[in-house]
Amino acid sequence: MNKIVVGQYGKGQCDSIQQAFDMAMNMQGHVDIQILNGIYDEKAVLQRNDVTIIGENAKNTVITYDDYAKKLLPDGTPYKTFRTATLKLSGNNIIMKNISVINRSGNGRDFGQAIALYAEGDRMQFYNCRLIGAQDTLFMGPEPECKVNCEQSLPKEDNVINARQYYKNCYIRGDIDFIFGGATAYFNHCEIYSQYNITEDDDRYEGRVKGYVSAACTWRGQKYGYVFRKCRFTGDCPENTVYLGRPWRIYAKTVLLECEIGKHIKVEGWHDWDKPEARETAYYAEYHCKYENMARREDWIHLLSAKEAKEYTKEKVLWEYFCEE
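Just remember that the working numbering sits 385 ahead of the position in the sequence shown, which is counted from 1.
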């Protein structure tokens with residue numbers, strides 16, 4: 386068995402996450418990486434299939450960094466979104482457990498997008514992880530080829546990778562579009578926390594919008610997008626100021642099943658991102674959720690029947706059930 390132990394102060398085979406990832410690149414077969422408790426102040430990238438990464442304790446095994454979209458490269462151009470990730474995992478059959486990943490740069494108004502975890506790959510699993518940032522905390526690949534107008538410049542079908550991801554008992558925190566990307570993703574018993582960073586508290590919104598939880602970028606023709614099952618939507622934002630989601634791509638799909646939805650969520654629930662056509666092409670749906678405020682969903686939002694909700698089991702959404710449990 387290939388096993389690497391990461392620990393600070395000489396407690397492991399290496400003392401940084403990136404050193405362990407570099408070692409794994411030179412190994413054959415599945416690799417297990419154990420990360421001992423500590424605060425690992427570094428930016429780490431793994432580009433490899435078949436890796437399990439396990440921390441000692443989610444609150445005490447921490448990877449943190451502070452890159453952000455408005456930061457400048459040596460040539461004076463900005464980093465932009467996809468260079469900012471604290472941890473980038475690119476590969477299939479990657480499992481991560483008991484780890485916090487933090488982008489500590491700050492809110493989007495001042496720093497722009499700042500990814501904590503960049504997860505790009507198929508059959509990825511995350512258990513008991515804490516993903517913390519502000520704008521764009523969790524990105525789930527594939528990364529779109531177009532950066533400006535994804536609706537009018539879709540990648541060719543053969544350029545779209547399969548990307549199924551599973552998140553269980555995770556804590557995900559941010560403010561604007563902090564769960565985003567084009568993967569098929571299933572969130573099971575997670576806490577989704579909207580923090581009050583006043584990122585979009587300006588004249589355009591008259592102080593009424595403090596955040597958006599998700600921004601799905603579902604590919605055209607993709608059967609499933611995001612599914613949240615028995616998740617808790619919590620936060621410290623003022624009452625009725627946060628949307629559950631908006632469509633980064635007009636084919637966005639997001640479904641909530643038996644979730645608990647706090648008072649900070651707006652009674653309308655969902656926003657069309659000022660794309661009227663998305664009301665016809667996007668798919669937002671809910672089933673048996675518990676609302677602290679009375680929900681007043683608009684006609685373009687779907688309220689599922691029991692029969693329809695059965696189409697959103699883990700087995701069906703991930704179409705080949707690969708999760709450990």
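Note that beta-carbon positions come from the ideal geometry of N, C-alpha and C, so glycine has one too. What you are looking at is a predicted structure, and each value in this text was computed from that prediction instead of being measured.
Got a sec, what are the start and stop residues for the alpha helix (DSSP H) residue i sits in?
i, result
"R494", "493-496"
"R664", "663-666"
"E705", "Careful: E705 lies outside any alpha helix (DSSP H) and carries neither H nor E."
"A429", "It is not in any alpha helix (DSSP H) - A429 instead sits in the beta strand (DSSP E) that spans 429-432."
"K692", "691-694"
Please confirm whether residue i and residue j have their CB atoms less than 8 Å apart.
i, j, result
"R614", "F563", "no"
"A499", "A454", "yes"
"F618", "I557", "no"
"Q398", "G423", "no"
"A670", "W633", "no"
"N582", "N492", "yes"
"G440", "I420", "yes"
"Q432", "S485", "no"
"G567", "P623", "no"
"K473", "V430", "yes"
"V640", "Y697", "yes"
"I517", "I448", "no"
"C514", "A405", "no"
"L629", "S599", "yes"
"L408", "I438", "For clarity, residue 408 is Met in the given sequence; the question names Leu instead. Contact: no."
Mark residue i as exposed unless 16 or more other C-beta atoms lie within 10 angstroms of its C-beta, in which case mark it buried.
i, result
"K482", "buried"
"T471", "buried"
"K541", "Note on K541: pLDDT 45, under 50, position unreliable in the model; no value is reported."
"L688", "exposed"
"W655", "buried"
"P463", "exposed"
"W604", "buried"
"A691", "exposed"
"D657", "buried"
"D507", "buried"
"N457", "It should be pointed out that residue 457 corresponds to Leu in this sequence rather than to Asn. By the neighbour-count rule (16 or more Cβ atoms within 10 Å), L457 is not buried but exposed."
"E359", "Summary: the structure shown does not reach residue 359, with the chain confined to residues 386 through 710, and so no result is reported for it."
"Y611", "buried"
"K553", "buried"
"R549", "buried"
"Q510", "buried"
"M363", "The displayed coordinates of the chain run from 386 to 710. Any statement about residue 363 would go beyond what the structure contains."
"G414", "exposed"
By how many angstroms is the C-alpha of residue j removed from the C-alpha of residue i?
i, j, result
"K595", "V627", "6 Å"
"R589", "A667", "Residue confidence for R589 is low, a pLDDT of 49 falling below 50, so the modelled location carries little weight and cannot support an answer."
"R664", "V652", "17 Å"
"D560", "H649", "12 Å"
"Y706", "T522", "26 Å"
"K350", "D435", "A question about residue 350 goes unanswered here, because the residues of the chain that appear run from 386 up to 710."
"C535", "D621", "Note on C535: pLDDT 39, under 50, position unreliable in the model; no value is reported."
"A519", "R494", "10 Å"
"H574", "G461", "43 Å"
"K428", "A501", "10 Å"
"Y450", "N488", "5 Å"
"K532", "A637", "Confidence at K532 is low in this model, with a pLDDT of 42, below 50, so its placement is unreliable and the value that follows should be read with caution. Cα to Cα, K532 sits roughly 16 Å from A637."
"K675", "I418", "39 Å"
"I635", "F565", "13 Å"
"A680", "I686", "11 Å"
"G647", "E677", "5 Å"
"G606", "L703", "16 Å"
"Y609", "R631", "16 Å"
"S490", "I479", "26 Å"
"E693", "Y672", "9 Å"
"V391", "R593", "45 Å"
"Y512", "K699", "15 Å"
"E683", "Q580", "25 Å"
"T469", "D400", "22 Å"
"T446", "C555", "14 Å"
Residue i bridges to which residues according to DSSP?
i, result
"M386", "DSSP output for M386 lists no bridge partner at all."
"T569", "R549"
"F399", "Just to set this straight, residue 399 is Cys in the shown sequence, not Phe. Its beta-bridge partners are V391."
"E700", "According to DSSP, E700 bridges with nothing at all."
"G620", "S579"
"M525", "A504, G566"
"A601", "G566"
"N483", "DSSP, once it has assigned bridges, lists no residue as partnering N483."
"C517", "Going by the sequence as given, residue 517 is Ile instead of Cys. I487, R558, per the DSSP bridge assignment."
"M410", "BP columns for M410 are empty, so no partner."
"K473", "V430, Y503"
"K675", "E645"
"D417", "K388, T437"
"I750", "In the structure as shown, the chain begins at 386 and stops at 710. Residue 750 is therefore absent and cannot be evaluated."
"I650", "V627"
Looking at the unbroken beta strand (DSSP E) that takes in residue i, where does it start and where does it end?
i, result
"K456", "Per DSSP, K456 belongs to no beta strand (DSSP E) and is neither H nor E."
"R614", "611-614"
"V640", "638-642"
"Y512", "509-512"
"G630", "627-630"
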